[in-house]
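The number in the numbering used here is simply the position in the sequence shown, starting from 1, with 2 added.
What follows is a single structure, written as structure tokens, with notes after it.
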Amino acid sequence: VALVRLLLRNRAVLDGMEGGAARFTIPLQKLFHWVNRNTHEGARRNIAAHYDLGNDFFALWLDETMMYSAAIFERPDMSLHEAQLARLDRICRKLRLGPDDHVLEIGTGWGGFALHAARHYGCRVTTTTISGEQYELARQRVVDAGLHDRVTLLQEDFRDLRGQYDKLVSIEMIEAIGHDLFVPYFRQCSDLLKPDGAMLIQAITIADQRYEEYRKSIDFIQRYIFPGSGLPSSAVMTGAVARHTDLRLLGLEDIGLHYATTLRHWRRNFFERIDAVRRQGYAEPFIRMWEFYLCYCEGAFLERAISDVQIVFAKPQCRLALV
Numbered sequence: 003v004a005l006v007r008l009l010l011r012n013r014a015v016l017d018g019m020e021g022g023a024a025r026f027t028i029p030l031q032k033l034f035h036w037v038n039r040n041t042h043e044g045a046r047r048n049i050a051a052h053y054d055l056g057n058d059f060f061a062l063w064l065d066e067t068m069m070y071s072a073a074i075f076e077r078p079d080m081s082l083h084e085a086q087l088a089r090l091d092r093i094c095r096k097l098r099l100g101p102d103d104h105v106l107e108i109g110t111g112w113g114g115f116a117l118h119a120a121r122h123y124g125c126r127v128t129t130t131t132i133s134g135e136q137y138e139l140a141r142q143r144v145v146d147a148g149l150h151d152r153v154t155l156l157q158e159d160f161r162d163l164r165g166q167y168d169k170l171v172s173i174e175m176i177e178a179i180g181h182d183l184f185v186p187y188f189r190q191c192s193d194l195l196k197p198d199g200a201m202l203i204q205a206i207t208i209a210d211q212r213y214e215e216y217r218k219s220i221d222f223i224q225r226y227i228f229p230g231s232g233l234p235s236s237a238v239m240t241g242a243v244a245r246h247t248d249l250r251l252l253g254l255e256d257i258g259l260h261y262a263t264t265l266r267h268w269r270r271n272f273f274e275r276i277d278a279v280r281r282q283g284y285a286e287p288f289i290r291m292w293e294f295y296l297c298y299c300e301g302a303f304l305e306r307a308i309s310d311v312q313i314v315f316a317k318p319q320c321r322l323a324l325v
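This is the structure:
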């Protein structure tokens, strides 16, 4: 983590590397993005490359909610599980979720948000994932929780969803779709909301000033961890919404430093269960890569090279007041 932070602080050196010999790799970078573009088939392949590592693997080091996204540590002494619950409650409260709401979630994960919203706020949730592994575990968790009458689980691409909903939630899913789909994604979200509906998106972001440079390159995460992915910037998201939908911006909260703490907990859990990781068949090269991935991200959040935001958008007839 310290090495990553040092490199990020010396931005001039990194920029020189990107602007020097790295220029000769631009054609290869363009080819990499083209090969991993998120067509319907490509999106499923890219998602499977990461999430289908196995539910048992992720369960070793995530908390009981199985949330694979930034928690919010409202107190320094919070456990990871408490912080994930606090984050889920914050999302539900921002949207004022209640028993009369039918919520669409784009990006189920392993069902953590859907279960929490249905159990504690009484709303109906329709949630979709294109990961086969995630779908199977989420389906079992819904059954085990006795919430099959409140939670409907789909295995559909967001581009194929139909209907209209009171609220929409998408937690760190937009990063997986790639830059070319940001505008279609927000258009679809807007179309899926009722005239008085509202949505909350939680997203990892790159700084606005570095977005254009970043989108043309390939980093460690895109090459080895999340093929086909691409971080938006806050301005790219709010700009796409303003130009291509009738949604209005209600609020934006930056929670990036909470992600660094979340990653630190994940890394500690990972190495506390390292024997179990090895028993699942993961070899030392993978373990070293995964450690670097967690350290790389933690350092980037600490140095604010990347961040994480929750943004609330509302349709014109929405009268939601943020809490």
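Virtual Cβ for every residue (Gly too), placed ideally from N, Cα, C.
These figures come from a predicted structure and were not determined experimentally.
Given this structure, state the Cα-to-Cα distance separating residue i from residue j, to the nearest angstrom.
i, j, result
"Leu64", "Gln86", "10 Å"
"Val105", "Asn57", "25 Å"
"Pro101", "Gln319", "20 Å"
"Ala323", "Ala316", "10 Å"
"Gln312", "Ile179", "18 Å"
"Thr27", "Ser219", "Only weak support is given to the placement of Thr27: the predicted model assigns it a pLDDT of 41, under 50, and the value that follows is read from those uncertain coordinates. Roughly 9 Å between the two C-alpha positions."
"Arg98", "Phe184", "26 Å"
"Arg321", "Ala200", "9 Å"
"Val279", "Met69", "19 Å"
"Tyr167", "Thr128", "9 Å"
"Val243", "Arg270", "38 Å"
"Arg306", "Ser235", "13 Å"
"Glu245", "Met239", "Strictly speaking, residue 245 in this sequence is Arg, with Glu absent from that position. Distance between the alpha carbons of Arg245 and Met239 is about 10 Å."
"Asp118", "Cys125", "Looking at the sequence provided, one finds His at residue 118 rather than Asp. Cα-Cα distance, rounded: 10 Å."
"Leu139", "Trp112", "6 Å"
"Arg266", "Arg250", "35 Å"
"Cys191", "Asp277", "42 Å"
"Ile206", "Phe272", "22 Å"
List the residues that DSSP assigns as beta-bridge partners of residue i.
i, result
"Tyr167", "Leu195"
"Arg250", "Ala316"
"Ala147", "None, per the DSSP bridge assignment."
"Met68", "In the DSSP output, where bridge partners are listed per residue, Met68 has none listed."
"Val311", "Ala205 and Asp256"
"Ser172", "Ile203"
"Thr154", "Thr128"
Quick test of your reading: residue i and residue j, contact by CB under 8 Å. State the CB separation rounded to the nearest angstrom.
i, j, result
"Gln204", "Ser71", "6 Å"
"Ile257", "Leu170", "Actually they are not in contact, since the Cβ atoms of Ile257 and Leu170 sit about 19 Å apart, beyond 8 Å."
"Gly232", "Leu194", "With 8 Å as the limit, Gly232 and Leu194 do not qualify as a contact, their Cβ atoms being about 22 Å apart."
Compare the C-alpha of residue i against each of the options and name the closest.
i, options, result
"Leu156", "Gly165, Glu174, Asp146 and Thr130", "Thr130"
"Glu76", "Thr263, Tyr295 and Arg275", "Thr263"
"Arg121", "Arg143, Pro78 and Gly253", "Arg143"
"Gly148", "Val171, Ala116 and Asp162", "Ala116"
"Trp268", "Gln190, Leu194, Thr154 and Tyr295", "Tyr295"
"Glu135", "Phe272, Phe60, Arg212 and Met291", "Phe60"
"Asp162", "Gln282, Arg189 and Asp256", "Arg189"
"Trp292", "Leu233, Phe228, Leu254 and Leu259", "Phe228"
"Asp210", "Leu82, Ala237, Tyr284 and Cys94", "Ala237"
"Glu174", "Asp248, Ile93 and Glu158", "Ile93"
"Lys96", "Met80, His83 and Tyr123", "Tyr123"
At a cut-off of 7 Å, would you count residue i as near the ligand MN, judging by its Cβ distance to the nearest heavy atom?
i, result
"Leu296", "What this structure holds is no ligand at all, so the ligand MN is not there to describe."
(request) Taking only runs that begin and end inside the stretch 100-138, name each unbroken beta strand (DSSP E) of 3 or more residues, in chain order. (result) You should have 104-108 and 126-130.
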